């Protein structure tokens, strides 16, 4: 049985500028990207997000490092068939199957990630192009094979851009952490994430204990810096997409 990696996420409630100072990142250059989300074009049901409601997210980032991600969260693993039952890596493509831990929320997430040349995604989205056309063949196969039926994936539009700043490998008390800031309109979010892989020979129970210890440690690291932790019920993706839809 394959033991899925765990990504532990901590959302910071303190003001973002204060948080970056506390994390010694204010003068550290991040990766800069614009970020969009694909959604059904707005209709009479104002505020509706049918892709997100169907647990499907299509995220497009362009700037210093471009990528297109098709994600399902929470993921029904019974729908995963063939090669989509286990993570794999290719030259410009990654497939992740992992558990997301954020506060008390525990979810399985599957993501098909296509890496693109810098700036190419923004170019492809010019003039209101349907973002579904940007998906590569593997991502289309993933959508058709593994996502719930009835989700509208034709004639999509984009929500965004969101300004995305990423510090990929930040050493916090000996732990490698990714710090990411999303900002758009009145929404300004900062998240810390730690990704844990099972060790060779480690049992599922042992990995669970190690992940729980890492979860406590990263939260303690945040509070030691006098920062507050925000245990939002909704994911940052949900919060940002809701804000974008309200202004679209």
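In my numbering, the protein residues as written are 400 to 647. Every residue gets a Cβ at the ideal spot worked out from N, C-alpha and C, and that includes glycine. Predicted, not measured: the structure shown is a model, and the values here were computed from it.
Nearest neighbour of residue 582 by Cα position, chosen from 605, 610, 640, 533, turns out to be 640. Residue range 415-421 is occupied by the alpha helix (DSSP H) that includes residue 417. The DSSP-derived three-state label of residue 407 is strand.
Burial check for residue 497: the Cβ neighbour count within 10 Å reaches 16 or more, so the residue is buried. Runs of the beta strand (DSSP E) lying entirely within the region 424-482 and spanning at least 3 residues, in chain order: 430-439, 455-462, 465-471. With at least 16 other beta carbons inside 10 angstroms of its own, residue 438 counts as buried.
Scanning its chain for C-beta atoms nearer than 8 Å, with the 5 sequence neighbours on each side dropped, one finds around residue 614 the residues 407, 500, in chain order. Within the region 561-640, the complete beta strand (DSSP E) segments at least 3 residues long are 574-583, 586-595, listed from N- to C-terminus. Around residue 486, the same chain offers 494, 495, 496 as residues with beta carbons nearer than 7 Å, after the five sequence neighbours per side are excluded. Secondary structure within the region 489-547: the alpha helix (DSSP H) runs of 4 or more consecutive residues, fully enclosed, are 519-523, 536-545 (chain order).
Beyond the five residues adjoining it in sequence on each side, residue 462 comes within less than 8 Å, by CB distance, of 430, 431, 432, 433, 517, 518, 521, 563 in the same chain, given in chain order.
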